[in-house]
Every structure is written in C-alpha cells, then in structure tokens.
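Take 1 as the starting number for the sequence shown in UniProt numbering and just add one per residue.
Using N, Cα and C, we set each Cβ at its ideal position, and we do this for glycine too.
This structure is a prediction, so every number in the text was calculated from the model and none was measured.
Before any comments, here is the structure.
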Amino acid sequence: MRYLPTFALGISVASAAAVEKKEYGHHSKGINVQVGPRPYYLVDNMDDGPLKRKLQSCSEGPFKVSDFVFSHRGAPLQFPEHSLEGYRAARREGAGVIECDVAFTKDKKLVCRHAQCDLHTTTNILNRTDLTSKCTTPFTPAANGEPALVKCCTSDITLAEFKSLCGKMDGFNPNATTVEEYMDGTPYFRTDLYATCGTLQTTEEYIDLVNGWGLKFTPELKTPEVEMPFDGYTQEQYAQDLVNLFKKRNISPKRVWLQSFLPDDIFYWIKNEPAFGKQAVYLDERVDTEEGYANATASIPELAAKGVKVLAPAFFALTKVDASGKIVPSEYAIAAKKAKLDIVAWSFERSGWLNNGGDYYYQYVSQAINNDGDMYTVLDVLAQQVKIKAMFSDWPATVTYYASCFGL
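Here it is in structure tokens:
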C-alpha cells in the first residue's frame, strides 16, 4: 500500500492519527513486536561466553515494547530518518519511546529534522527547482579540489513547502559535480531500499502518531543554525512552543523526555515548566575531547544542584577498559550515579562494522572490540553495570532483543 502524506489525502493530522490507530492497534492493547534477523546475526557473531548463551536462550522471545529502547530518529539504519515509515518501523521493533528532533520553518512551525539545515542531505529538495533557489546556499559543484557546497534549512521554506518534500537516507557525496551525484551518498552500512519517498513529519503529526500508539516521546530541541531571535522568534519561545504542543493535547509530562544540547534550554524548562523539566535530558557533547571529558565529569554535581536529573552523553563516555582488559564503567558514569542522575545513552547502530575496533562510539574500548557481536558486550556493561535508563538506537530491534531478554 502506498502511504501518502496527510495533506495529499485531504485529512487532518488528528484524522491521520485515528487512521493509524485503527490500522495498527494501540500499544496498551499490545503489539506483535518483531525483531527480524539482525539481533540473531549479532548474537551468532559474539565470542562464546555466558552473555552469548543468555542471549541465545531468548531467541524465541517473547519480545516486548520497552521504555529502555529509545528510537533514535525513527529507524534510520534502513528508513529515512524522522519519516512516518521509520516511526512505524521503530514501533514494530519495540521502541517504547520515539524521538523527534525539532526544528522550525520559515513560518515558525515545528517539524522533525535532525538538524535545522540538513534538508540537502536528508530530502529531495535539490531535485525541486521551485525550492532550491530558496536554500541558504544553492548547490555549487565540486571543483579544483574544493568540495561541493550547499545548505538548505527548514527556516528557508514554509511548512507547506516542507511537507511537499520526500525524505531520503541521510548522506551526500562531497566530490559531486552534479546534484544527482551529490545526493548519491548513502553510508555503506545503510540501504536505499526503503527510501523511495519518506513521508516527512511535523512535530504535531509526530505527537499525534506516537500518542495514538500509547508510546512515550523524546523530542529534541535542535540548536538553531540561524541567528536568534529569528524574525522576532526567540530561543525561549521556541522552547516553550515545543512544550505547548504537548500541553495542548493534555499529554502527561511523565510521558515526555525533552532533550537539548543547550544547557539554557534545560534550565528554561526546569524553571518555567517544572513538570516537564524534571525529565529534561541534557545531551552532553562536552565529552568529545579529553579536556572536555574531565571538565564534564567534574561539573556533574553542579548540574545536579541546578536541577538537572538526566544526562545523555554519547555512550563511549560511559565505559573504559581497565588494567585487566575488561570493559567497565567510566569515571563519568560513576560520577553521574554518585550524583543520583539518570543516564540515557546514544546511539546504538550508528557505527557500521566493528571488526576493526569500532568508531566514535567505541573509542574508549576499541582494544576490547573484535566483532559486531561486541555491540552486545558493550550494551551489557551499560545496562548491568552503568545501569543506564535507556539506549537510543538507529535500529530499535537490536536493543529490544536485549531488553526483552533481561526484562528491562
């Protein structure tokens, strides 16, 4: 069945959510969670040991929806991120909490995009001659050793124009001399098989969709890439508008995990919307450098004193290898638990093959990594020793398999 955007069908967002609920049921009534072949591939790939045998013992399920599983941008390992199709896949794979990265359009409407200025790598906007001229930086081909240049932002176009676009797998070819070459850049470990025309989502559509499924929400307020205030639109109003969408629908703050990389957004919610602020997730990117990691670790008690209750670093920052070669909790993880903060980690399934030690997400434990199955080795340390509250995943089924096996 070909699913068209709601505007093309001539039905309202609320009606679309009702159709979704009718066709696919409601989380409170249960759903037949399906994890597919990937978890089994990873388990089979593991070195022999107690963890592998435990995971093998769970091969026939049952697999259940789990709040330990945060869907990261939907299911972008195989579907265009923040698309209706990706959200449906994440739900089917057992994610209990679904993410919408929030950006704003030229007419100040909230939409789901990983970055305010990623339309040139995540949509077909470059094929739309009626819209490319509106991009902040129209396409310039690679030449004389310089990469191709282009920058298209949600704030360049209206909501109606945004909804007319198709989502594609995030990727680009920096050496492209044509638009077609530039758009042909899907990472090697993903696929274009399900990316014929991803249905983009407004934040309101996302809320109604996830609410209709009875699941929980984790919207991230994306850091603007335009100067704020934007045409009179302040950062504070941006943060408040996101909360207002949930309040308008009488959605319990207990079902909402607001996120931001900007501390001021977190503090704004703590002060002005305390019911939502108590679950606000501070995305901590300070750990990316050695000095930043040390400063971030030292600052955790101060953050807790200011009311922050949930930290979310990239998961590499939560583990290390000890003198005996075992993967163990890091100093950052220990400090967060000492301050009685919850931890949400990101992001599983963004690394491709791990046979050479992994990449960014495994940088502190690379010497202990030798195969894809070690993803579960690391996840087990994060779940059982670091005791993270949840894991973001680009392919929720992988984490759902583990969560169901361990009753998380």
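- Within a 10 Å sphere around the beta-carbon of residue 189 sit fewer than 16 other beta-carbons, which makes this residue exposed.
- In the DSSP assignment, residue 220 falls within the unbroken beta strand (DSSP E) covering 216-221.
- Secondary structure at residue 226: coil, using DSSP grouped into helix, strand and coil.
- The Cβ-Cβ distance between residue 351 and residue 364 does not fall below 8 Å.
- Put simply, the stretch 342-358 touches the stretch 382-393. At least three CB pairs are less than 8 Å apart.
- In this structure, the beta-carbon distance from residue 136 to residue 151 falls below 8 Å.
- CA-to-CA, the gap between residue 50 and residue 369 works out to about 17 Å.
- Residue 391 is bridged by DSSP to 69 and 345.
- For residue 91, the CB contacts under 6 Å within the same chain, skipping 5 residues up- and downstream, are 213 in chain order.
- Per DSSP, residue 251 is not a residue of any beta strand (DSSP E), being assigned neither H nor E.
- With contact defined as three or more Cβ pairs closer than 8 Å, the stretch 196-214 and the stretch 229-238 are not in contact.
- When DSSP assignments are scanned along the stretch 97-154, the uninterrupted stretches of beta strand (DSSP E) that are 3 or more residues long and fall wholly within it turn out to be 110-112, 137-140 and 149-151.
- Here DSSP, grouped into helix, strand and coil, assigns residue 44 to helix.
- In the DSSP annotation of this structure, the continuous segment of the beta strand (DSSP E) that includes residue 319 starts and ends at 319-321.
- For residue 268, same chain residues with a beta-carbon under 7 Å away, outside a window of 5 residues either side, are 236 and 239 in chain order.
- DSSP links residue 202 through a beta bridge to 111.
- If you compare the alpha carbons of 337, 53, 380 and 59 with that of residue 37, the shortest gap goes to 59.
- The beta carbon of residue 328 sits closer than 6 Å to those of 322, all from its chain and outside the five residues before and after it, given in chain order.
- In the three-state reduction of the DSSP assignment, residue 300 falls in the helix class.
- The stretch 256-268 and the stretch 151-164 do not touch, with fewer than 3 CB-CB distances between them shorter than 8 Å.
- Per DSSP, residue 329 is one residue of the beta strand (DSSP E) stretching across 327-329.
- Remark: fewer than three beta-carbon pairs, one from each stretch, lie closer than 8 Å, so the stretch 305-313 and the stretch 353-360 are not flagged as touching.
- Residue 47 counts as exposed, since fewer than 16 other C-beta atoms from the protein chains shown sit within 10 angstroms of its C-beta.
- For residue 282, the enclosing beta strand (DSSP E) starts and ends at 281-284.
- In the three-state scheme derived from DSSP, where H, G and I count as helix and E and B as strand, residue 212 is classed as helix.
- For residue 160, the enclosing alpha helix (DSSP H) begins and ends at 159-163.
- Here residue 311 carries a strand assignment [DSSP, helix/strand/coil].
- Under the Cβ criterion (8 Å, minimum of three pairs), the stretch 114-130 does not count as touching the stretch 276-292.
- In the DSSP assignment, residue 50 falls within the alpha helix (DSSP H) that extends over 50-57.
- A direct Cα-Cα distance of roughly 36 Å separates residue 196 from residue 366.
- Assignment of residue 166 by DSSP, reduced to helix, strand and coil, places it in the strand class.
- Comparing C-alpha distances from residue 93 to each of 84, 71 and 99 shows the shortest one belongs to 71.
- Sequence-distant Cβ neighbours of residue 139 in its own chain, meaning closer than 8 Å and more than five residues away, are 120, 126, 132, 148, 149, 150, 179 and 182.
- In the three-state DSSP reduction, residue 363 falls in the coil class, being neither helix nor strand.
- Counting along the chain, residue 181 sits inside the alpha helix (DSSP H) bounded by residues 179-183.
- As DSSP reads the structure, residue 83 sits in a beta bridge with 200.
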